[in-house]
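Chains as they are written, first to last, in numbering that gives the first Met the number 0: chain A, 0 to 141; chain B, 0 to 141; chain C, 0 to 109; chain D, 0 to 109.
Following: one structure in structure tokens, then a few remarks.
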Amino acid sequence: MTDWVTLELPSAAHVVGIARAMAVASASSANVPVDRIEDVRTCASEAVTNAVQAHRRVEIHLPILIRTTVSAGRFVMEVCDVGPGLDEEMRSRGVDGPPREGGYGIPVMRALSDSFDVTPGGVLQPGMGTTVRMTYLLEPAV
Amino acid sequence: MTDWVTLELPSAAHVVGIARAMAVASASSANVPVDRIEDVRTCASEAVTNAVQAHRRVEIHLPILIRTTVSAGRFVMEVCDVGPGLDEEMRSRGVDGPPREGGYGIPVMRALSDSFDVTPGGVLQPGMGTTVRMTYLLEPAV
Amino acid sequence: MTIDDQIDGTSAVLSVNGEVDVYTAPTLRERILSAMNEGATTIVIDLSNVSFMDSTGLGILVGALKRMRQADGELHVVCDSEPVLKIFRVTGLMDVFGVVSSIDDLPAAP
Amino acid sequence: MTIDDQIDGTSAVLSVNGEVDVYTAPTLRERILSAMNEGATTIVIDLSNVSFMDSTGLGILVGALKRMRQADGELHVVCDSEPVLKIFRVTGLMDVFGVVSSIDDLPAAP
Ligand SMILES: Nc1ncnc2c1ncn2[C@@H]1O[C@H](COP(=O)(O)OP(=O)(O)O)[C@@H](O)[C@H]1O
Ligand SMILES: Nc1ncnc2c1ncn2[C@@H]1O[C@H](COP(=O)(O)OP(=O)(O)O)[C@@H](O)[C@H]1O
Chain A
0 MTDWVTLELP SAAHVVGIAR AMAVASASSA NVPVDRIEDV RTCASEAVTN AVQAHRRVEI
60 HLPILIRTTV SAGRFVMEVC DVGPGLDEEM RSRGVDGPPR EGGYGIPVMR ALSDSFDVTP
120 GGVLQPGMGT TVRMTYLLEP AV
Chain B
0 MTDWVTLELP SAAHVVGIAR AMAVASASSA NVPVDRIEDV RTCASEAVTN AVQAHRRVEI
60 HLPILIRTTV SAGRFVMEVC DVGPGLDEEM RSRGVDGPPR EGGYGIPVMR ALSDSFDVTP
120 GGVLQPGMGT TVRMTYLLEP AV
Chain C
0 MTIDDQIDGT SAVLSVNGEV DVYTAPTLRE RILSAMNEGA TTIVIDLSNV SFMDSTGLGI
60 LVGALKRMRQ ADGELHVVCD SEPVLKIFRV TGLMDVFGVV SSIDDLPAAP
Chain D
0 MTIDDQIDGT SAVLSVNGEV DVYTAPTLRE RILSAMNEGA TTIVIDLSNV SFMDSTGLGI
60 LVGALKRMRQ ADGELHVVCD SEPVLKIFRV TGLMDVFGVV SSIDDLPAAP
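Okay, structure coming up:
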């Protein structure tokens, strides 16, 4: 069994800072290299923001979840919601084209993590929502 | 329904720092007065340490839980374990007598919170363990 | 997050402190809009004291840049904090904003 | 938490950095014991760079104080950080340790 550190948050904008603090403290305690800690902070913020907004869009008032663990030499962070789901096209969108007023969250997470995966469904309700999973190598790659 | 921010942690010494970070971030986002934030940090550390040690003493490997909310003008923090329970005598022990190598955790929590209560049982398993509940006034008392 | 502003005729400098995220970004947007409404045609957003900013903040800044350009105004971003610069870099927005590291590096007002 | 030590004959100064809690306190205890084993009869614990300490750290320090006194040695605590001082204060241990705010305030070695 993997030991997860799990934070359940009401789906509201003012809690995103709590998720960042938890993610950074987990990453530090897992010995994520110091120069990657800010990347973890940013990715936690992006993923939790998206989860909160996904709930808001369909007026779901259930909590969202962020959890972390260490597995196979990597720090793993997952953010789960029970929103309407994240479609294929969005997942692989880049930063090309003219500057836009949104749509940078996923490209930022892809750039600042060592792996980025999206699966439908999640820990909270297997048949609903989205789980975003990001990993960070604990040792710098050689 | 009260909205709780809930952190579930494996019962291990290295996670106490994660609980402190979550408690401090929750307290900040709840607008706990700046000069009380360090008290929240210390109390979270004491309560989670006791929970981890209670589990260790009876070799329970279940997670522990720390959760926060705002209720009736107070920031509320609860720490729950499924350990052997905390007896009456310990709850009201002071700091008198010769210096000792332990037993300061509860007096510290009582001194650094605006209310300190212990109830048997908890959120995780109603019939087992201990819930420590501490509150902090959001506005300085007049 | 707190914002100190200094409005001087048609120039405004907004100095942002703290964290810019989905919770605080709406305030940043409002403050930029109200500087525009007060007649600012050159707005400087100083992020030197921002400890954290994510893509929600970027989105607000892109929106402000577009609105300023439509109104023939200018928006400049000052930032010397490494974690904040990184998000401009990975999104390719460094050059779009012409981010400079000090207010002294800005082009003089025309 | 990290600890820098400076052992000079029978005097040892242990400078503690970071957070002292249930996870890191065992290391503090070991480092104090090894200073004693190396013959230190006066040990100074400098907590000036400790950002956080809870009662687990206090317990370690009380244990060390007792052991030093039994061995006719001395243990001094230096601390000028307000959150750390608070925990000495609320437990009534300020005077027990004779906490001073700077290493220069310590009594000269006999
Ligand atoms: N967890 C999610 N659930 C549902 N839709 C999502 C989720 N995350 C992202 N999306 C969709 O993908 C789009 C792009 O996301 P992102 O790149 O983070 O930028 P932004 O959130 O600024 O639009 C969002 O606008 C939203 O439509
Ligand atoms: N959550 C708990 N469950 C069971 N016993 C507890 C719990 N918290 C405290 N205790 C008991 O109360 C005693 C005093 O606790 P405390 O004042 O925190 O000091 P310390 O943990 O240093 O002994 C502990 O040694 C333990 O026996």
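Even glycine gets a Cβ: it sits at the ideal position worked out from N, Cα and C.
Being a predicted model, the structure only gives us computed values, none of them experimental.
| Query | Result |
| --- | --- |
| CB contact below 7 angstroms: Ser47 of chain C versus chain A | no |
| Chain F within 7 angstroms of Thr41 of chain A, Cβ atoms only | This model lacks chain F altogether; the protein chains it does include are A, B, C and D. |
| Residue-chain proximity (Ala53 of chain B, chain D), Cβ-Cβ < 7 angstroms | no |
| Contact belief for Val49 of chain D with Val19 of chain D at Cβ below 8 angstroms, rounded distance in angstroms | 6 angstroms |
| Other residues of its chain near His75 of chain C: CB distance less than 6 angstroms, five sequence neighbours each side excluded | Val43, Leu105 |
| Contact test: Gly126 of chain A Cβ vs ligand 3 heavy atom, cutoff 6 angstroms | As for ligand 3, it is missing from this structure, which binds only ligand 1 and ligand 2. |
| Check: Thr129 of chain B C-beta below 6 angstroms from any heavy atom of ligand 2 | yes |
| N- and C-terminal bounds of the beta strand (DSSP E) containing Leu46 of chain D | 41–52 |
| Neighbour-count burial assignment, Glu37 of chain C, 16 or more Cβ in a 10 Å radius | exposed |
| As assigned by DSSP and simplified to three states, the class of Gln124 of chain A | coil |
| is_contact[Met0 of chain B, chain D] using C-beta, thresh 7 angstroms | Bear in mind that a pLDDT of 49 at Met0 of chain B, under 50, signals an unreliable position, so the number given afterwards is only what the model happens to contain. False, the Cβ-Cβ gap to chain D never drops below 7 angstroms. |
| Delimiting residues of the beta strand (DSSP E) encompassing Arg63 of chain A | Here residue 63 of chain A turns out to be Ile, not Arg, going by the sequence shown. Unbroken beta strand (DSSP E) run through Ile63 of chain A: 63–70. |
| Same chain only: Cβ atoms within 6 angstroms of Arg35 of chain B, ignoring 5 sequence neighbours per side | Tyr135 |
| Partner residues on chain A for Ser14 of chain C, Cβ-Cβ distance less than 9 angstroms | Within 9 angstroms Cβ-Cβ: nothing; Ser14 of chain C doesn't reach chain A, min ~21 angstroms. |
| Test item: CB-CB of Arg30 of chain D and Ile2 of chain D under 7 angstroms | yes |
| Check whether Ala24 of chain D and Gly56 of chain D have beta carbons under 7 angstroms apart | yes |
| Sequence-distant residues of the same chain with beta carbon closer than 8 angstroms to Thr90 of chain D, five excluded per side | Ser54, Leu57 |
| Touching by the beta-carbon criterion (3+ pairs, under 8 angstroms), the segment 66–86 of chain B and the segment 120–130 of chain B | yes |
| Interface residues of the segment 94–124 of chain A facing chain C [CB-CB below 7 angstroms] | Val94, Pro98, Arg99, Glu100, Gly101, Tyr103, Gly104, Pro106, Val107, Ala110, Leu111 |
| Buried/exposed call for Met52 of chain C, threshold 16 Cβ in 10 Å | buried |
| Same chain only: Cβ atoms within 8 angstroms of Ser28 of chain B, ignoring 5 sequence neighbours per side | none |
| Element boundaries [beta strand (DSSP E), containing Arg109 of chain A] | Per DSSP, Arg109 of chain A belongs to no beta strand (DSSP E); it is in the alpha helix (DSSP H), 104–111. |
| Exposed unless 16 or more other CB atoms sit within 10 angstroms - verdict on Arg40 of chain A | buried |
| Under the three-state DSSP convention, the category Ser178 of chain C falls into | The requested residue 178 of chain C does not occur in the structure, where chain C is confined to residues 0 to 109. |
| Residues that Gly15 of chain A contacts on chain C, provided the C-beta gap is smaller than 8 angstroms | Checking the sequence shown, residue 15 of chain A turns out to be Val, not Gly. Here the neighbours are Asp20, Val21, Tyr22. |
| heavy atom of ligand 2 below 6 angstroms from Asp20 of chain C C-beta | no |
| Same chain, Cβ closer than 8 angstroms to Asp4 of chain D, neighbours up to 5 away in sequence not counted | Ala11, Val12, Leu13, Ser14, Arg30, Ala34 |
| Within-7 angstroms CB hit, Ala20 of chain B to chain D | no |
| Rounded C-alpha distance that separates Asn30 of chain B from Ala22 of chain A | 21 angstroms |
| Residues of its chain near Val75 of chain B, where Cβ-Cβ distance is below 6 angstroms and the 5 sequence neighbours each way are ignored | Thr68, Thr134 |
| Glu7 of chain B and Pro97 of chain B closer than 7 angstroms at C-beta | no |
| Contact under 7 angstroms by Cβ, Glu45 of chain B with Pro82 of chain D | no |
| For Leu32 of chain C, three-class secondary structure by DSSP | helix |
| Beta strand (DSSP E) segment containing Ile2 of chain C, residue limits | 1–7 |
| Near ligand 2: Thr85 of chain B beta-carbon under 6 angstroms from a heavy atom | A quick correction: the sequence has Leu, not Thr, at residue 85 of chain B. Yes, the beta carbon of Leu85 of chain B sits closer than 6 angstroms to at least one heavy atom of ligand 2. |
| Neighbourhood of Thr143 of chain A by C-beta distance below 7 angstroms, restricted to the same chain and skipping five residues each side | Only positions 0 to 141 of chain A appear in the structure, and residue 143 of chain A is not among them; the question remains open. |
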